[in-house]
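The sequence shown begins at 1 in UniProt numbering and counts up by one. Where is the CB? At the ideal position from N, CA and C, for every residue including glycine. This structure is a prediction, so every number in the text was calculated from the model and none was measured. See below for the structure under consideration.
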Amino acid sequence: MKELKHLNKYFVKYKWHLIVGLFITIAARIFAILTPRFIGESTNAIEKYVNGEIISAAEVKSELMTNILLILGATLLAAFFTFLMRQTFIVVSRHIEFDLKNEVFQKYEDLSLNFYKKNRTGDLMNRISEDVSKVRMYLGPAIMYSVQTGVLFIVVIPYMFSQAPELTMYTIAPLPILSFAIYKLSVAINKRSTIVQQYLSKLNTFTQESFSGISVIKSYGLEPQTNTGFVELSNGSKEKNIDLVKVQAFFFPLMILLIGASNILVIYIGGRKFINGEIDNLGIIVEFLLYVNMLTWPVATVGWVTSIVQQAEASQKRINEFLKEIPQILNPTTKPEKVVGTVAFKNVTFTYEDTNITALKNVSFEVEKGQTLAIIGKTGSGKSTILELIGRLYDVTEGEISIDGKDIRNINLKDLRDSIGYVPQDAFLFSDSIKNNIRFGKADATVKEIIEAAKNAAVHRNIVGFSKGYDTVLGERGITLSGGQKQRVSIARAIIHDPQILLFDDSLSAVDTETEEEILGNLFKISRNKTTIIVSHRISSIKNADKIIILEGGKIVQQGTHQELLSTDGYYKELYLKQLSEKEM
């Protein structure tokens, strides 16, 4: 139960709801146990009339009518309080489920990028959905039935002993056997359920990856292989589900069998005692039959609840693994800070933890506010890593990155990232309208500001060409748009944010030269008082930068202005001549 201790804070939060639920449960069970008693008294009245102890039929009729009204009233009140009981406990469990899902999601947001490199999306989704749902069963039904069973036993068993002690012992004898059998059955169900959940996680991951990469699957004609893989997983899932259903099929027959056994014992033992005169009236046997049926389900739930608790603990353990994960990137302070924009790298070395690849080696440079720095180099030279380090998506292995002369690790993380407009190499758009995708950079942006940003990103003409314009809803990851359009919408999103630092990671690779010139012209106007860093493979994108650095193998091998680099033999001059000749062709 130690894993479930994490939930105690939620019990404290909703303690008054739970206390009220406890009193409601007591009221519901008290009214429920009155019904068998009134039925027993009615049976006794009929028995006395048959035996001649009550001569007047009117007197029997009057007593029966009174009991019928009492039974009806007790049943209605029991039903009403049972409804309130379920509303109280189940609603509380839904509130805690809501809180727990939010806690998990917020933790996911806090965790660093390395965490997402080590864990698969399907598994993350399963923990926030399936695992939290299993925990909710513990928070709601398990607690509700435990309280209900406890109250029922406290009230009913003593009353039964007071009426017929020996008959009570015989009556409740099968109930522990029922509870133990249900427990063993539930354990078997739990094991098979866990396997089913694992297959569900595999299926979710497989289908998600297949749908995300559907264009690749179609391009390479991999539909048959993909379908074969899905069928294999589906067959495995089907077989495990059938194994689960086979065990579940024993649940209700077993319960009905033991209920029947208890009823037979009551009728046989009680009948013999009544014949022998050890029980004064027939109503007690009728009452006991009703009490047995009333107690059977709560007793069965003891085993079921035990299984739920086990499943919840296993699920909460999986959840706790992530909740206990300490983010590698922590906010050093909550004190607000203003970022001006001067960025400096001092002997920075960085190694990726997951691959152990050293992306940067002793890199040093500085770019002041209002300046534009361009970074160029071969694939894998460390260009994108520099931008990720500036956004503090990772922390440096050695050296120091400073913003406005202050170590980036000592700057308020929220203020740092609020001051950055970042357009990643792989432009990501949400399944929302184009308008809202641009507004993502500024939540309170007006339509006028959105259009202005789109114009500066040279995408306005494309957007108004759609039938719904800016209200066009994009497919998953912006699949509705072309690669160039996605890049330009991402640029608009960064521009509208109006940050102090603009980072562009090869964000013009999918646009034509003419559009590139238009966007760059707009960007240089916008970024006059901002720090801008552009990563690119095209000389045309960076030639007007104040400073250009060339990376190779994670090291700076050349730096200077466009003209300075052209006057020196090296990678930059070779690339320029190559791209110039390709353009002329």
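Reduced DSSP secondary structure (H/G/I, E/B, other) of residue i
i: Thr342; result: coil
i: Asn347; result: strand
i: Phe365; result: strand
i: Gln425; result: coil
i: Ser419; result: coil
i: Lys555; result: strand
i: Thr333; result: coil
i: residue 587; result: Outside the displayed span of the chain (1 to 585) sits residue 587, for which this structure offers no information.
i: Gly560; result: strand
i: Ser567; result: coil
i: Ser179; result: helix
i: Ser433; result: strand
i: Tyr352; result: coil
i: Asp280; result: coil
i: Ser315; result: helix
i: Leu72; result: helix
i: Pro253; result: helix
i: Ile326; result: coil
Contact set for residue i: own chain, Cβ-Cβ below 7 Å, skip 5 residues either direction
i: Pro327; result: Asp110, Leu111 and Ser112
i: Glu388; result: Tyr394
i: Phe206; result: Gly229, Phe230 and Leu233
i: Asp354; result: Asn114, Lys117 and Lys118
i: Phe450; result: It is worth fixing the name first, because residue 450 is Ile in this sequence and not Phe. The answer, listed in chain order, is Lys435, Ile438, Arg439, Tyr470 and Ile496.
i: Leu540; result: Checking the displayed sequence, the identity of residue 540 turns out to be Ser instead of Leu. Closer than 7 Å at the Cβ level, and outside the excluded window around Ser540, lie Thr513 and Glu516.
Rounded separation between residue i and residue j - CA only
i: Asp415; j: Asn437; result: 22 Å
i: Ala27; j: Glu325; result: 44 Å
i: Ser419; j: Gly380; result: 27 Å
i: Leu72; j: Phe81; result: 14 Å
i: Leu577; j: Ile479; result: 35 Å
i: Val557; j: Leu551; result: 6 Å
i: Glu398; j: Gln500; result: 26 Å
i: Met125; j: Gly40; result: 54 Å
i: Leu330; j: Arg409; result: 8 Å
i: Leu565; j: Thr372; result: 16 Å
i: Asp243; j: His6; result: 33 Å
i: Lys573; j: Asn522; result: 26 Å
i: Val340; j: Thr531; result: 9 Å
i: Ala454; j: Ile401; result: 32 Å
i: Gly213; j: Leu502; result: 30 Å
i: Lys204; j: Phe251; result: It should be pointed out that residue 204 corresponds to Asn in this sequence rather than to Lys. Distance between the alpha carbons of Asn204 and Phe251: 29 Å.
i: residue 586; j: Glu368; result: Since the first residue shown for the chain is 1 and the last is 585, residue 586 is missing from the structure and cannot be characterised.
i: Pro298; j: Tyr145; result: 7 Å
i: Met255; j: Tyr352; result: 57 Å
i: Asn281; j: Pro165; result: 15 Å
Counted within 10 angstroms of its Cβ, other Cβ atoms place residue i as buried (16 or more) or exposed
i: Leu175; result: buried
i: Val116; result: In the sequence on display, residue 116 carries Tyr and not Val. Classification for Tyr116: exposed.
i: Met160; result: buried
i: Asn227; result: exposed
i: Asp505; result: buried
i: Ser262; result: buried
i: Val266; result: buried
i: Asp407; result: exposed
i: Lys525; result: exposed
i: Asp471; result: exposed
i: Thr149; result: buried
i: Phe38; result: buried
i: Gly483; result: exposed
i: Phe466; result: exposed
i: Asn529; result: exposed
i: Tyr268; result: exposed
i: Lys61; result: exposed
i: Lys218; result: exposed
Cβ neighbours of residue i in the same chain (closer than 8 Å, five flanking residues each side left out)
i: Glu518; result: Ala458
i: Gly475; result: Ser431
i: Tyr291; result: Ile33, Pro36, Val156, Met160 and Thr171
i: Ala188; result: Val247
i: Ala142; result: Val305, Ile308, Val309 and Ala312
Sequence-distant residues of the same chain with beta carbon closer than 6 Å to residue i, five excluded per side
i: Leu258; result: Pro174 and Leu178
i: Ala427; result: Lys486, Gln487 and Ser490
i: Asn347; result: Asn362, Ser364 and Gly399
i: Gln163; result: Ile284
i: Val302; result: Ser179
i: Met137; result: Ile308
What are the uninterrupted segments assigned as beta strand (DSSP E) that are 3 or more residues long and contained completely in the segment 440 to 516, given in chain order?
501 to 505
Complete alpha helix (DSSP H) runs within the segment 511 to 552 (minimum length 4 residues, chain order)
513 to 526 and 539 to 542
Note down, one range per segment and in chain order, each alpha helix (DSSP H) of at least 4 residues found wholly within the segment 367 to 416.
383 to 390
List, from N- to C-terminal side, the beta strand (DSSP E) runs of 3 residues or more that fit wholly inside the segment 116 to 183.
none
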